[in-house]
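Protein chains in written order, with our numbering: chain C, 164 to 311; chain Y, 13 to 516. Glycine residues also receive a C-beta, built at the ideal position from the N, C-alpha and C atoms. These numbers were taken from a predicted model, which means no experiment stands behind them. Working notes, beginning with the structure itself.
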């Protein structure tokens, strides 16, 4: 028997998400249909969400579907790490180091990347982003910053 | 005649050096992004949204709109040369465009798609000029109940036609609406669902959501995908010229494609992708030699490209005149307008005629620029496609991060991109479409506001909401569509299986 794992995960996530909003909206005044409070509309929407979650569950059981896109672990992890590195780098070191670090970490996603190419790309794009965003568009970025 | 006075006003605002420049920047960047496989118009518009905050509203909108329809032109280039769609709506162009390239006729395919795009776009704009004032008049009589009904219809329609199952589409709309409600309640001023985090008292950043859902997850999915570049030689102007036979074959399909595209662009929920698929199917059905399709039939590239460009232009009609975005990209445009303090709707045309008609005039100027960008300068884009993706995506990722940060100088928003990127990639793996989510996110708060106002007027009686025949009709259609799509999602197991294998 086929088990539709992705379908079950999808309906479960929907259940948690809608249920979470329903519980959270209990903390706010509901009001009446004529004078709706801040919780009224979110509660109705979250309620629909719960119904859809149940229907998704039924569908996953009745019409199990298999296949779908395989998870690309390596690109996924390095792209997320690259964004995190950008956020941390910008907060501590400034724009240029953050851009260079983001390029290097994200280049790890592709197994064909070569170290020298990546280094050149990191330097080149740091300079380009300084020219575009700071010089040309005059956006207020901290270019370099002392961490301590 | 009013139309001519309006157009004159529009062109007088569009043909200023500043506006022309931003129109050019928009269509250039749009073509660039469209040519690159993996990132589409949505990611492109959201990447430029932050920069547009520093411009005055008309220039900003002209540029963003240019990115949007420019991507539609560029999208077919990658479809033909790489067999990888540059944008989702040009996926169908692969079917006959790539075989044409294999036969050494890539130049002809590129030329015909550009001409078809231009004709489709131009006729779409003419329709926009004619229909917008009419629809604007109708929308002027809309009250809160009508707005609520129209928005509900838009949301249900976008869910019903989303690729994959309609149930999943509805789920995404609801998730989007709930995410849109996070932040301060517009009526009481009470912060909702913000768990005490001050950064989201104003709600989630639209840019962060759009970039995470569309940009980041598309980049992840495109890394390491093999490309099959066919063209070794330069594409000369001579090789682009179609034969007399090609021109004869492409003529009528372009017009039919335009008609189909213009219709689907107008409808809420459907958009250029569906329009392109349907016009391909129609051409194949009408053809006396359907066996040529899939093996390099020129009709198979001409009709869908005319169709998606016509749809792109007519999609602006409901967005600008009612304030109802039919697609995720239009929802993003609507969000951009509101950030600039312009509320799309029937008042836009009367209160800011120079913005409205200037924007419409810039569309046509932009289409003219695209004609030049895509025929004499095609070699530039071919060279861009030869650049390995591993050089491009780190830069795209950096631009996403810098863009999001620059909206509010907030590192928190970069973190949100990470969060929504994870959500977007997870959704992709589970077969959920991000487009209905974004539409729900933009429309959700507006729907709540209109429902509250309408219910006050109706004194809390749901049935009195549907007192006016127009509201009752729209709500009835919405309800029927909802029931039908849920029913068919649960019943029609066979279609479900097919959709599943089509997605895989």
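Proximity test, Cβ basis, 7 angstroms: residue i and chain C
i, result
"residue 508 (chain Y)", "In this prediction, residue 508 (chain Y) has a pLDDT of 45, which is less than 50 and means its spatial position is unreliable; nothing more can be read from the coordinates."
"residue 205 (chain Y)", "yes"
"residue 197 (chain Y)", "yes"
"residue 182 (chain Y)", "yes"
"residue 402 (chain Y)", "yes"
"residue 486 (chain Y)", "no"
"residue 427 (chain Y)", "yes"
"residue 423 (chain Y)", "yes"
"residue 460 (chain Y)", "yes"
"residue 480 (chain Y)", "no"
"residue 418 (chain Y)", "yes"
"residue 514 (chain Y)", "With a pLDDT of only 40 at residue 514 (chain Y), under 50, the local geometry of the prediction cannot be trusted, and no value is derived from it."
"residue 168 (chain Y)", "no"
"residue 232 (chain Y)", "yes"
"residue 219 (chain Y)", "no"
"residue 442 (chain Y)", "yes"
"residue 471 (chain Y)", "yes"
"residue 407 (chain Y)", "yes"
"residue 467 (chain Y)", "yes"
7 angstroms Cβ cutoff, residue i in contact with chain Y
i, result
"residue 199 (chain C)", "yes"
"residue 263 (chain C)", "no"
"residue 190 (chain C)", "no"
"residue 125 (chain C)", "Because chain C spans 164 through 311 in this model, residue 125 (chain C) falls outside it and cannot be assessed."
"residue 177 (chain C)", "yes"
"residue 153 (chain C)", "Because chain C spans 164 through 311 in this model, residue 153 (chain C) falls outside it and cannot be assessed."
"residue 231 (chain C)", "yes"
"residue 167 (chain C)", "no"
Residues near residue i by beta carbon distance below 8 angstroms, same chain, minus five either side
i, result
"residue 57 (chain Y)", "76, 79, 80, 222, 341, 344, 345 and 348"
"residue 508 (chain Y)", "Because the pLDDT at residue 508 (chain Y) is just 45, under 50, the model does not fix this residue reliably, and the value given afterwards should be weighed accordingly. Here the set comprises 177 and 501."
Euclidean distance between Cα positions of residue i and residue j
i, j, result
"residue 310 (chain Y)", "residue 38 (chain Y)", "29 angstroms"
"residue 454 (chain Y)", "residue 393 (chain Y)", "34 angstroms"
"residue 442 (chain Y)", "residue 180 (chain C)", "15 angstroms"
"residue 390 (chain Y)", "residue 322 (chain Y)", "22 angstroms"
"residue 167 (chain Y)", "residue 188 (chain Y)", "10 angstroms"
"residue 184 (chain C)", "residue 175 (chain C)", "14 angstroms"
"residue 450 (chain Y)", "residue 193 (chain C)", "26 angstroms"
"residue 166 (chain C)", "residue 243 (chain C)", "30 angstroms"
"residue 254 (chain Y)", "residue 120 (chain Y)", "5 angstroms"
"residue 240 (chain C)", "residue 298 (chain C)", "33 angstroms"
"residue 478 (chain Y)", "residue 150 (chain Y)", "17 angstroms"
"residue 489 (chain Y)", "residue 218 (chain Y)", "30 angstroms"
"residue 516 (chain Y)", "residue 271 (chain C)", "A caution first: residue 516 (chain Y) carries a pLDDT of 32, below 50, which makes its placement in the model unreliable, though a value can still be read off. The straight-line gap from Cα to Cα measures roughly 26 angstroms."
"residue 208 (chain C)", "residue 356 (chain Y)", "25 angstroms"
"residue 195 (chain Y)", "residue 232 (chain Y)", "30 angstroms"
"residue 279 (chain Y)", "residue 327 (chain Y)", "8 angstroms"
"residue 386 (chain Y)", "residue 22 (chain Y)", "25 angstroms"
"residue 276 (chain C)", "residue 236 (chain C)", "16 angstroms"
Assumed close pair residue i, residue j - CB separation to whole angstroms, cut-off 8 angstroms
i, j, result
"residue 198 (chain Y)", "residue 461 (chain Y)", "6 angstroms"
"residue 60 (chain Y)", "residue 41 (chain Y)", "7 angstroms"
"residue 339 (chain Y)", "residue 283 (chain Y)", "4 angstroms"
"residue 467 (chain Y)", "residue 199 (chain C)", "6 angstroms"
"residue 336 (chain Y)", "residue 146 (chain Y)", "Incorrect: roughly 15 angstroms between the Cβ atoms, too far for contact."
"residue 288 (chain C)", "residue 293 (chain Y)", "That belief does not hold up - the Cβ atoms of residue 288 (chain C) and residue 293 (chain Y) are roughly 43 angstroms apart, past 8 angstroms."
"residue 46 (chain Y)", "residue 87 (chain Y)", "4 angstroms"
"residue 268 (chain C)", "residue 254 (chain C)", "Contact doesn't hold; Cβ gap of about 16 angstroms is too wide."
"residue 302 (chain C)", "residue 418 (chain Y)", "5 angstroms"
"residue 20 (chain Y)", "residue 372 (chain Y)", "With 8 angstroms as the limit, residue 20 (chain Y) and residue 372 (chain Y) do not qualify as a contact, their Cβ atoms being about 12 angstroms apart."
"residue 415 (chain Y)", "residue 69 (chain Y)", "Wrong, their Cβ atoms sit about 19 angstroms apart, outside the cutoff."
"residue 397 (chain Y)", "residue 90 (chain Y)", "6 angstroms"
Beta-carbon proximity list for residue i, same chain, < 6 angstroms, skipping 5 on both sides
i, result
"residue 25 (chain Y)", "366 and 370"
"residue 308 (chain Y)", "108, 111, 112 and 115"
"residue 152 (chain Y)", "358"
"residue 294 (chain C)", "none"
"residue 426 (chain Y)", "413, 416 and 417"
"residue 18 (chain Y)", "369"
Beta-carbon contacts of residue i that lie in its chain and below 7 angstroms, excluding the five residues immediately before and after
i, result
"residue 216 (chain C)", "174, 177, 178 and 181"
"residue 169 (chain C)", "231"
"residue 272 (chain Y)", "287, 290, 291, 294 and 319"
"residue 409 (chain Y)", "231"
"residue 156 (chain Y)", "462, 465, 466 and 469"
"residue 54 (chain Y)", "222, 226, 340, 341 and 344"
Heavy atom of the ligand NAD within 6 angstroms of residue i beta-carbon
i, result
"residue 265 (chain C)", "Looking at this structure, you won't find the ligand NAD or any other ligand, since it has none at all."
As an exercise, report each continuous alpha helix (DSSP H) stretch of at least 4 residues that is fully enclosed by the segment 406-484 of chain Y, in chain order. Here the runs fully enclosed are 423-442, 447-469 and 474-477.
Could you tell me which whole alpha helix (DSSP H) segments of length 4 or greater appear in the segment 275-337 of chain Y? Qualifying alpha helix (DSSP H) stretches, in chain order: 284-298, 311-326 and 328-333.
Enumerate, from N- to C-terminal direction, the unbroken alpha helix (DSSP H) stretches of 4 or more residues contained entirely within the segment 53-79 of chain Y. Contiguous alpha helix (DSSP H) elements confined to the segment 53-79 of chain Y occur at 53-64, taking only those with 4 or more residues.
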